[in-house]
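**Student:** What follows is a single structure, and I will ask about it in a moment.
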Amino acid sequence: MEEDRLSGISLIHQAQAQNLKKESGRQSFWIGVMWFFAFITVSILILVVGYVLVQGGKAIDWEFLTTSPKGGISGEGGISTTIGTTFYLVGLTLLIATPLGVGAAVFLIEYAGEQSLSSKFLRSVIGVANFAVETLAGIPSIIFGLFGYALFVSTLHFGFSLLSAALAGACLVLPTIIRTTEEALLAVPDDYRRGSLALGATKWQTLYRIVLPAGLPGIITGIILSVGRVISETAIFYVTLGGSYRLPTSIMDGGRTLALHLYYLAMDTRAFDKAMGTGAVLVVMIILINLLIDRVSRKLTAGVRKVR
Amino acid sequence: MNDSKLETIDYSLYYGKYRALKDITIKIPENKVTALIGPSGCGKSTFLRSFNRMNDLIAGVRTEGMVLIDGEDILKTDPVALRQNVGMVFQKPNPFPKSIFDNVAYGPRVTGLKDHHKLEEIVERSLRSSALWDEVKDNLGKSGLDLSGGQQQRLCIARALAVEPTVILMDEPAASLDPIATLKIEDLIHELSANYTIVIVTHNMQQAGRVSDFTAFFYTDESRTGQLVEFSETKTLFTNPRDRRTEDYITGRFG
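If you read the protein sequences in the order shown, they are chains R and L. When the letters of the first sequence are read in order and numbered with my numbering, they come out as residues 4 to 311. When the letters of the second sequence are read in order and numbered with my numbering, they come out as residues 137 to 391.
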């Protein structure tokens, strides 16, 4: 009896050992395959970024960064005013989109949610609103551009201007800001809200003293993402911002952002080297913004970890 | 029995169509510790939240009967003012992601107090009352989240004391703490009962026996509607229960 049992065990052990060998071989193979895919992906990224930086780097010098484009078929001049226009446009767009987006998200999460439980009508309105936000996030930017052109540029007579572009840009980034703010607010534990209300704070005090500060890193992430979006979009501003290479002096002036200038250089001039240089500056800016997002979201997750 | 601080008369509570509490009539005495015990889902936590109207935050809640504080109908008081008078400590310690000082000063600040000297005074007094002062007095700028679980809970008690309530509701305040931290909280509850009316929900019958002067036993049957079975001095309830269900529960035959 005892021997039978022992030999039974050893049979199982043998089978296990054989299977383990097979499985670990299989595992090594697939890990190798994944490594290969990862290597390809990273190589493509490094190749593209590296190519732009190396090619563009040749065109970049102090003069390139500090003089304005001169126009013309040869693409004379630098990119100073387009950097300025990019900053103006980012600032104005966020000035419009941030209060709207954060406000909408706060309403949807903090107020509408509880009221909708008692009102069927409100519940369907919120359903539609959330669906709209999600859909808007997936719409190509040129659609926002056409809309901006029809409404702001022509109907409202804002012309090709910073204002038209910023309003259209705000429509473009609103879904991003609403979504990230909603997520940030949802991540704030209900315990905080209850604790605050139980101390005799009003809902509004709870919101601006506890909930918004706790959700701030997430909200900032959404805003930085939007900055990146405005910097890198081209089509939407092609039809709302115009193409003047002078620095705008009012919000009714048109201009061209870095990305737009890059497009013009590549399509309308022979200055391929300058297009590359502009691209390199753009890539560096995007990399810096992504580093910033990384830092902020790291801070965010650190905060969440502490809560648990 | 002493003067009653809190009182309910034929109080029922519904979540939508589902009746969670049925016809509860009780007089909770002033400056004593009253424990609410009973099996899970018997509505004792829901009942506790009735005293500071935290159930108002849950959609679809409807009540019948009356809840009185100092003889006044709480539905006629402003919930914000009521909650400054009736503090609450939750099951899971929930300090805000702020410094220890800002946590305790939160309540007074919300009521409009800005004078820093007065705030300092209140923070110190509250932390002393919750037996946390000596452990944190040199680190008031440290985040409340960096404290241990037991310290966090005492911080939450200090935070509740800072708005000078007369009643403190505690919803299983030691459920997530280790035995030593639990004992500290229990000692604290005992001390506080000299000046505050304390109502505590607990799953732990030994705890109810240790900390409370009065005990209310809640029970529910298949209908899942909570009812008050028995309410008397803790000693009496544990040694000489009137109701068969109370006896079965405290001797561990169910629940």
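Beta carbons are placed, not taken as given, at the ideal position from N, Cα and C, and that holds for glycine.
When you compare only the Cα positions, how much space is there between P229 (chain L) and F39 (chain R)?
**Tutor:** On the second sequence, position 93 is the one that residue 229 (chain L) refers to. On the first sequence, position 36 is the one that residue 39 (chain R) refers to. The alpha-carbon atoms of P229 (chain L) and F39 (chain R) are separated by roughly 48 angstroms.
**Student:** Determine whether the beta carbon atoms of G81 (chain R) and M279 (chain R) lie at a separation below 9 angstroms.
**Tutor:** One-based indexing of the first sequence puts residue 81 (chain R) at position 78. One-based indexing of the first sequence puts residue 279 (chain R) at position 276. Taking 9 angstroms as the Cβ cut-off, G81 (chain R) and M279 (chain R) do not qualify as a contacting pair.
**Student:** Given that T205 (chain R) touches chain L, what residues does it touch there, using C-beta distances under 7 angstroms?
**Tutor:** Reading the first sequence from its first residue, position 202 is the one you call residue 205 (chain R). Those within 7 angstroms of T205 (chain R) in chain L are V216.
**Student:** Does the Cβ of M37 (chain R) have 16 or more other Cβ atoms within 10 Å, making it buried, or fewer, making it exposed?
**Tutor:** Position 34 of the first sequence, counted from the start, is the residue given in the question as residue 37 (chain R). M37 (chain R) should be labelled exposed.
**Student:** Measuring only between beta-carbons, confirm whether Q288 (chain L) sits less than 9 angstroms from chain R.
**Tutor:** Residue mapping note: residue 288 (chain L) aligns to position 152 of the second sequence, counting from 1. No, no contact with chain R.
**Student:** Just verifying my parser: in three-state terms, what is the DSSP assignment at S148 (chain L)?
**Tutor:** If you number the second sequence from 1, residue 148 (chain L) lands on position 12. Here S148 (chain L) sits in strand by DSSP.
**Student:** Can you name the residues of chain L whose CB is closer than 7 angstroms to the CB of I213 (chain R)?
**Tutor:** For the purposes of this step, residue 213 (chain R) is taken as the residue at position 210 of the first sequence. Near I213 (chain R) (Cβ distances below 7 angstroms), the residues of chain L are F232.
**Student:** How far does the alpha helix (DSSP H) with F350 (chain L) in it extend, from its first residue to its last?
**Tutor:** Against the second sequence, residue 350 (chain L) aligns to sequence position 214. Segment F350 to T356 is the beta strand (DSSP E) holding F350 (chain L); no alpha helix (DSSP H) there.
**Student:** Just reading off the alpha helix (DSSP H) that P244 (chain L) is part of, what are its end residues?
**Tutor:** For the purposes of this step, residue 244 (chain L) is identified with residue 108 of the second sequence, where counting begins at 1. First-last of the alpha helix (DSSP H) with P244 (chain L): I236 to V246.
**Student:** May I ask you to report which of helix, strand or coil DSSP gives E271 (chain L)?
**Tutor:** As a position in the second sequence, residue 271 (chain L) is number 135, starting the count at 1. Correct three-state label for E271 (chain L): helix.
**Student:** What do you reckon, are the CB atoms on R318 (chain R) and F275 (chain R) nearer than 9 angstroms?
**Tutor:** No information on residue 318 (chain R) is available, as it lies outside the stretch 4 to 311 that chain R covers here.
**Student:** By the criterion of Cβ-Cβ separation under 8 angstroms, what are the contact partners of Y114 (chain R) in chain L?
**Tutor:** Numbered from its first residue, the first sequence carries residue 114 (chain R) at position 111. The premise fails here: Y114 (chain R) is roughly 12 angstroms from chain L at the closest Cβ pair, so nothing lies under 8 angstroms.
**Student:** For a contact defined as C-beta to C-beta under 9 angstroms, what are the partners of R301 (chain R) on chain L?
**Tutor:** On the first sequence, residue 301 (chain R) is found 298 positions in, with the first residue counted as 1. None at all; the shortest Cβ gap to chain L is about 16 angstroms.
**Student:** Looking at chain L, is there any beta carbon in it that lies within less than 9 angstroms of the beta carbon of L295 (chain R)?
**Tutor:** Position 292 of the first sequence, counting from 1, holds the residue named residue 295 (chain R). No, because no Cβ of chain L sits closer than 9 angstroms to the Cβ of L295 (chain R).
**Student:** Taking Cβ positions only, does M341 (chain L) come closer than 9 angstroms to chain R?
**Tutor:** Position 205 of the second sequence, counted from the first residue, corresponds to residue 341 (chain L). No, its Cβ sits nowhere closer than 9 angstroms to a Cβ of chain R.
**Student:** On the CB-based measure, 16 or more other CB atoms within 10 Å of its CB, does E366 (chain L) come out buried or exposed?
**Tutor:** Counting from one through the second sequence, the residue named residue 366 (chain L) turns up at place 230. E366 (chain L) should be labelled buried.
**Student:** Run down chain L in chain order and give the residues with a C-beta less than 9 angstroms from the C-beta of R197 (chain R).
**Tutor:** The count along the first sequence starts at 1 and reaches residue 197 (chain R) at position 194. What R197 (chain R) touches in chain L: M190, L193, M224, F226 and N230.
**Student:** For a contact meaning CB atoms closer than 9 angstroms, what does Y355 (chain L) contact in chain C?
**Tutor:** The structure shown contains no chain C; its protein chains are R and L.
**Student:** Taking the alpha-carbon positions, what's the I236 (chain L) to E271 (chain L) distance?
**Tutor:** Against the second sequence, residue 236 (chain L) aligns to sequence position 100. Against the second sequence, residue 271 (chain L) aligns to sequence position 135. Their Cα atoms are separated by approximately 11 angstroms.
**Student:** Taking 8 angstroms as the cut-off, does the stretch 158-173 of chain R touch the stretch 192-199 of chain R (at least 3 CB pairs, one atom from each stretch)?
**Tutor:** No, the stretch 192-199 of chain R is not in contact with the stretch 158-173 of chain R.
**Student:** Alpha helix (DSSP H) containing A132 (chain R): first to last residue?
**Tutor:** Your numbering for residue 132 (chain R) matches position 129 in the first sequence. Per DSSP, A132 (chain R) belongs to the alpha helix (DSSP H) from K123 to A140.
**Student:** Once DSSP output is grouped into helix, strand and coil, what is the label at F187 (chain L)?
**Tutor:** If you number the second sequence from 1, residue 187 (chain L) lands on position 51. Coil at F187 (chain L), not helix or strand.
**Student:** Taking the alpha-carbon positions, what's the I296 (chain R) to K302 (chain R) distance?
**Tutor:** In the first sequence, counting from the first residue as 1, residue 296 (chain R) sits at position 293. In the first sequence, counting from the first residue as 1, residue 302 (chain R) sits at position 299. Taking the straight line from one Cα to the other gives about 10 angstroms.
**Student:** Expressed to the nearest angstrom, what Euclidean distance is found between the alpha-carbon atoms of V233 (chain R) and S127 (chain R)?
**Tutor:** Stepping through the first sequence from its first residue, residue 233 (chain R) is reached at position 230. Stepping through the first sequence from its first residue, residue 127 (chain R) is reached at position 124. Roughly 32 angstroms between the two C-alpha positions.
**Student:** E369 (chain L) lies in the beta strand (DSSP E); which residues open and close that run?
**Tutor:** Reading the second sequence from its first residue, position 233 is the one you call residue 369 (chain L). Segment G362 to E369, the beta strand (DSSP E) holding E369 (chain L).
**Student:** What residue from L:R264, L:Y150 and L:S368 has the CA that sits closest to A296 (chain L)'s CA?
**Tutor:** As a position in the second sequence, residue 296 (chain L) is number 160, starting the count at 1. It is L:R264 whose Cα lies nearest to the Cα of A296 (chain L).
**Student:** Pull out every residue of the stretch 235-246 of chain L whose Cβ sits closer than 7 angstroms to any Cβ of chain R, in chain order.
**Tutor:** Of all residues in the stretch 235-246 of chain L, Y242, G243 and V246 have a Cβ within less than 7 angstroms of some Cβ in chain R.
**Student:** Does L202 (chain R) get closer than 9 angstroms to chain L when you measure Cβ to Cβ?
**Tutor:** For this step, residue 202 (chain R) is matched to residue 199 along the first sequence. Interface residue, yes.
**Student:** Quick check on S253 (chain R): does DSSP put it in helix, strand or coil?
**Tutor:** As a working note, residue 253 (chain R) is residue 250 in the first sequence. Residue state, collapsed to three classes: coil.
**Student:** Does chain R have any CB closer than 9 angstroms to the CB of V299 (chain L)?
**Tutor:** Here residue 299 (chain L) corresponds to residue number 163 of the second sequence, with the count starting at 1. Yes, its Cβ sits closer than 9 angstroms to a Cβ of chain R.
**Student:** With 9 angstroms set as the bound, which would you pick, yes or no: does the beta-carbon of D271 (chain R) sit closer than that to a beta-carbon of chain L?
**Tutor:** If you number the first sequence from 1, residue 271 (chain R) lands on position 268. Not one chain L Cβ lies under 9 angstroms of D271 (chain R).
**Student:** Can you list, in chain order, the residues of its chain with a C-beta nearer than 7 angstroms to that of V105 (chain R)? Leave out the 5 residues immediately preceding and following it.
**Tutor:** The sequence position of residue 105 (chain R) within the first sequence is 102, counting from 1. Excluding sequence neighbours, V105 (chain R) sits near I180, T184 and I222.
**Student:** From which residue to which residue does the beta strand (DSSP E) around G201 (chain L) run?
**Tutor:** In the second sequence, counting from the first residue as 1, residue 201 (chain L) sits at position 65. Looking at the DSSP string, the run of the beta strand (DSSP E) that includes G201 (chain L) is V197 to I205.
**Student:** Label Y242 (chain L) either buried or exposed according to how many other C-beta atoms from any shown protein chain fall within 10 Å of its C-beta, with 16 as the threshold for buried.
**Tutor:** In the second sequence, residue 242 (chain L) corresponds to position 106, counting from 1. Classification for Y242 (chain L): buried.
**Student:** Identify the continuous alpha helix (DSSP H) that holds T224 (chain R) and give its terminal residues.
**Tutor:** In the first sequence, residue 224 (chain R) corresponds to position 221, counting from 1. That run of the alpha helix (DSSP H) goes L215 to S235.
**Student:** If we define contact as Cβ-Cβ less than 9 angstroms, is A217 (chain R) a contact residue for chain L?
**Tutor:** For this step, residue 217 (chain R) is matched to residue 214 along the first sequence. With 9 angstroms as the cut-off, A217 (chain R) counts as an interface residue toward chain L.
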